[in-house]
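For my numbering, add 4 to where a residue sits in the sequence shown, where the first one is 1. Note that beta-carbon positions come from the ideal geometry of N, C-alpha and C, so glycine has one too.
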Amino acid sequence: MMKLLDISKKYGDTTHKYPFEPYHVADNFRGKPAYIFDLCIGCAACGIACPSNAITVQLNAEQNKLIWEFDCGRCIFCGRCDEVCPTGAIRLSEEFELAVKFDKSALIQRGELEVQCCTECKKPFTAKRLVQYSFDCLSKANVSQNRLEEAKDYLRVCPTCKKNATVSNFTTGKEVVIE
Ligand code: SF4
Ligand code: SF4
5 MMKLLDISKK YGDTTHKYPF EPYHVADNFR GKPAYIFDLC IGCAACGIAC
55 PSNAITVQLN AEQNKLIWEF DCGRCIFCGR CDEVCPTGAI RLSEEFELAV
105 KFDKSALIQR GELEVQCCTE CKKPFTAKRL VQYSFDCLSK ANVSQNRLEE
155 AKDYLRVCPT CKKNATVSNF TTGKEVVIE
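The following block contains the structure:
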């Protein structure tokens with residue numbers, strides 16, 4: 005008995021008075037992913053990496069928006085989204101009190117990004133911010149001004165039109181210029 009009391013005295017309190025006092029989580033705790041809309045470029049890397057489909061990034065052609073959506077009810081707090089996000093728009097936080105009352109839609113968070121329309125076919129295909137981000141990355145690289153101007157145009161063409169231009173180039177032997 006005395007030995008137990010000695011041990012208890014030596015180590016002090018090992019329990020917490022939570023929820024009557026705030027609980028401080030351990031370093032590198034994997035809490036709710038926090039989303040910063042202003043940093044999001046709509047690249048969809050998080051949605052592709054997410055193993056539980058808690059994040060989806062979809063084009064809504066009717067609304068002309070790219071919809072980023074996170075369903076906390078599906079999240080397994082693996083941290084893949086945090087690892088792959090190129091801009092730090094999604095980071096695991098220390099938030100762990102995630103219960104909602106009756107309404108599961110309270111677990112869902114959304115971001116709506118403006119879309120870029122293809123300069124050839126005029127259809128929306130990606131987020132404007134992603135085009136700008138790609139251009140900014142190129143601008144920081146050692147690329148000539150002429151090439152940069154070409155890239156600026158090229159980035160605003162959808163993958164289907166790029167593919168069609170390449171196929172046409174191969175079949176006709178003529179270079180199809182994407183303007
Ligand atoms: S922490 Fe994992 S499961 Fe949760 S949203 Fe990020 S990638 Fe998906
Ligand atoms: S910028 Fe980050 S949060 Fe936004 S879609 Fe890309 S990976 Fe996801």
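Ligand 2 approaches I94 closely enough that one of its heavy atoms is under 7 Å from the residue's Cβ. Boundaries cannot be given for G92, as no alpha helix (DSSP H) includes it and DSSP labels it neither H nor E.
Leaving aside the five residues that flank T18 on each side, none in its chain has a CB nearer than 8 Å to its CB. Inclusion of A38 and R78 in the CB contact set at 8 Å is not warranted, their separation being larger than that value. Ligand 2 approaches P90 closely enough that one of its heavy atoms is under 7 Å from the residue's Cβ. Note that the stretch 146-158 does not touch the stretch 103-119; fewer than 3 beta-carbon pairs, one per stretch, sit closer than 8 Å. It is roughly 15 Å from the alpha-carbon of M6 to the alpha-carbon of G16. Beta-bridge pairing by DSSP links A131 to V119.
A distance below 8 Å separates the beta carbons of C162 and C122. With a threshold of 16 other beta carbon atoms within 10 Å, K69 meets it and is buried.
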